[in-house]
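One structure below.
There are 2 protein chains.
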Amino acid sequence: MPEGPTIKEFREQWIEFIHELQDKICEALEKVDGKAKFMEEKWERAEGGGGKTRVIANGNVFEKGGVNTSVVFGEVTDVMRKQLKIEGDEWFACGLSLVIHPSNPFVPTVHCNYRYFELYKNKEVVDRWFGGGTDLTPYYLFEEDAIHFHQTYKDACDKFDKTFYPLFKTECDDYFVNTHRNNERRGIGGIFYDHQKPNKERDLDFWMDFSNECGYAFIDAYIPIVEKRNAASFTKENKHWQEIRRGRYVEFNLVHDRGTIFGLKTNGRTESILMSLPPTVRFEYNYQPEKGTEEDKLLQVCLEPRQWIEISDLGN
Amino acid sequence: MPEGPTIKEFREQWIEFIHELQDKICEALEKVDGKAKFMEEKWERAEGGGGKTRVIANGNVFEKGGVNTSVVFGEVTDVMRKQLKIEGDEWFACGLSLVIHPSNPFVPTVHCNYRYFELYKNKEVVDRWFGGGTDLTPYYLFEEDAIHFHQTYKDACDKFDKTFYPLFKTECDDYFVNTHRNNERRGIGGIFYDHQKPNKERDLDFWMDFSNECGYAFIDAYIPIVEKRNAASFTKENKHWQEIRRGRYVEFNLVHDRGTIFGLKTNGRTESILMSLPPTVRFEYNYQPEKGTEEDKLLQVCLEPRQWIEISDLGN
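Here the protein sequences come in this chain order: A and B.
For any residue, its number in the working numbering is found by taking its place in the first sequence, counting from 1, and adding 13.
For any residue, its number in the working numbering is found by taking its place in the second sequence, counting from 1, and adding 13.
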């Protein structure tokens, strides 16, 4: 990996951001849970680098979850060349990935991921890009929660570029899709972006600041929803529906999610990758909620994503 | 699809075999369950053909299961040309696929699949092959059950060719593997074969008879194990372990199983394909059974497949 001062400086700045974000998010989640603490496992990768996997389980609020970071690097392999369509001889990647599965079916599951990738050839940076996003997977639809979640990310995006939110909201709706389930989305979306390359107009610092803004927006976007919904009492039927929907989460992650499949097929750390899977899950043949029920309302919004926020001020 | 008399005759003979096998297997499973009945759903495929999906749920023995048949045909698409590496303009496929998930963790899960494929060009058969197999996924290891299961398939194979059992047993061990889990097998195997093309030595009738023998062997291989184990009482901990292992079943089917992934990505009938998923499943971070326990014993046999049967008489 190239050690030139400017290259190294930015990389280290990014690593520091990712680790601080991990600390702050874990702190906020532990606080709202009030009982469970994250357990940390550090791991190393034979080919270079490693990670800090932090998992939480059986809390007051959170049944299972993980907030993981990794700083990994190595030689470009044939599999990478083919699957990622990249040319180069060395690479570096660092990111944070979290999935949180609450116990109460009225509290949504949430996922977020912020990452940075560098590609080198003969010790020079030949390519680099940023990716990230956060998406919400409720089991019951509370429109005000969906609006709050999307508004938080729209506000974060708008500070940088008013075209971002509508663009990244659509990318999110288009990515988290169970194509084998009539294009059902896994939830009500959020934002998602990938392969954002710095240029003269939007340089490294721009993307650093943007990632920072979106990364920390997670706390404002998600924690108030947890606080608002966690006290709600729920029935066996609500839990049953949550477990059915968690089945869809498993299907998306194992059948469609590029990162999960790439990780599992290229000797990634399985336990860290699969921390995203829900704790208890149910698969039933041809389960369909009754029309007009709260369960059906959620299903319909997954089938037809909505615009939660007015974007009429675009371009102003 | 070509309608020439010999071609049509064999196809119809195969379809008849598959439907009779479905009836007989469902009958045997209903009898041993004593409570639940299969519910049938007929479906049609826009591009040609259809199927009979038969599912069972919440029985005395069987928590969830399906015994499905399909008779499908159509034009060779670009996806098929690429993924199946075939050349031709039309195809036909007919098979039976079953997965049975018992409630009691001492009764193993079982899968079997027998199928026949024809490829045409200008209304002539240009290729055809047979595939099939049956594999057992216990949650606790009873060596005598593993031996009985393998012996039944060895006996079936030996009637046709003494090289088959060792070959197809190894193919089975090599196919049902969670490569992302340190090459853990999903169970204790059985037999598996694919792309078996008729030739002068082993003609269409040979493979028809062999499929017949193996297809019906399911009843002798599996039902006695159910009868022997279903009365055993079990604890919450046994059920917990079963649900953890069912998680591995989900991982294999969604990440590695060629048929499942191909079906889901090419507009197959999702509910029929995913009837294979277990009813209740658990995913826990880095769950490891204690060394020396019954749970660990099962895990070890999945990591290191055994030869259950002496095959010293090979070639005699």
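In this text, a Cβ means the ideal position worked out from N, Cα and C, and glycines have one as well.
When Cβ-Cβ separations below 7 Å define contact, B/His114 makes no contact with chain A.
Here B/His208 is exposed. Its C-beta has fewer than 16 other C-beta atoms within 10 Å. By the criterion of a C-beta distance shorter than 8 Å, B/Glu43 is surrounded in its chain by Ala49, Lys50, Phe51 and Ile69, once the five residues flanking it on both sides are discounted. At a beta-carbon threshold of 8 Å, the residues of chain A lying near B/Ala70 are Glu297 and Tyr298, ordered along the chain. Exposure of B/Gly305 is indicated by the presence of fewer than 16 other C-beta atoms within 10 angstroms of its C-beta. The criterion of a C-beta distance shorter than 7 Å is satisfied by A/Gly101 and A/Leu132. Looking from the CA of A/Glu57, the closest CA among A/Val45, A/Glu284 and A/Val123 belongs to A/Glu284. Here A/Arg198 is buried, its C-beta having at least 16 other C-beta atoms within 10 Å. Where B/Glu156 is concerned, the enclosing alpha helix (DSSP H) starts and stops at Glu156 to Asp171. B/Met52 has B/Val68 as its beta-bridge partners, per DSSP. Here B/Val92 is exposed: its Cβ has fewer than 16 other Cβ atoms, across all protein chains shown, within 10 Å. Contact of A/Thr293 with chain B by beta-carbon distance below 9 Å involves Glu256, Thr293, Val294, Arg295 and Phe296. Here the segment 158–177 of chain A lies against the segment 224–237 of chain A, with 3 or more beta-carbon pairs under 8 Å apart.
If you look at A/Leu180, you'll find it in the alpha helix (DSSP H) that goes Phe177 to Tyr188. Cβ proximity to chain A below 7 Å picks out Val263, Glu264, Leu267 and Val268 from the segment 241–269 of chain B.
Taking 7 Å as the upper bound on Cβ-Cβ separation, chain B lies near no residue of the segment 121–135 of chain A. Spatial neighbours of B/Lys21 in its own chain (CB-CB distance under 8 Å, excluding positions within 5 residues in sequence) are listed in chain order as Pro15.
The CB of A/Met288 comes closer than 7 Å to the CB of Tyr298 in chain B, given here in chain order. Cβ-Cβ separation between A/Leu267 and B/Glu256: approximately 17 Å, too far for a contact (criterion under 8 Å). Straight-line spacing of the CA atoms in B/Leu154 and A/Ser83 works out to 38 Å. Straight-line measurement puts the Cα of A/Asp218 at about 22 Å from the Cα of A/Asp36. Between B/Cys185 and B/Gly203, the C-beta spacing is below 7 Å.
Sequence-distant partners of A/Arg282 (beyond 5 residues in either direction) whose C-beta falls short of 6 Å from its own C-beta, in its chain, are Trp56. Around the beta carbon of A/Pro18, fewer than 16 other beta carbons lie within 10 angstroms, which makes this residue exposed.
Taking the Cα of A/Pro179 as reference, the smallest distance to any Cα among A/Phe205, A/Pro115 and A/Glu156 is reached at A/Phe205. The criterion of a C-beta distance shorter than 7 Å is not satisfied by B/Asn71 and B/Asp46. Close partners of B/Gly272 in chain A (Cβ separation under 8 Å) are lacking, with about 13 Å as the shortest Cβ gap.
Here DSSP, grouped into helix, strand and coil, assigns A/Lys310 to helix.
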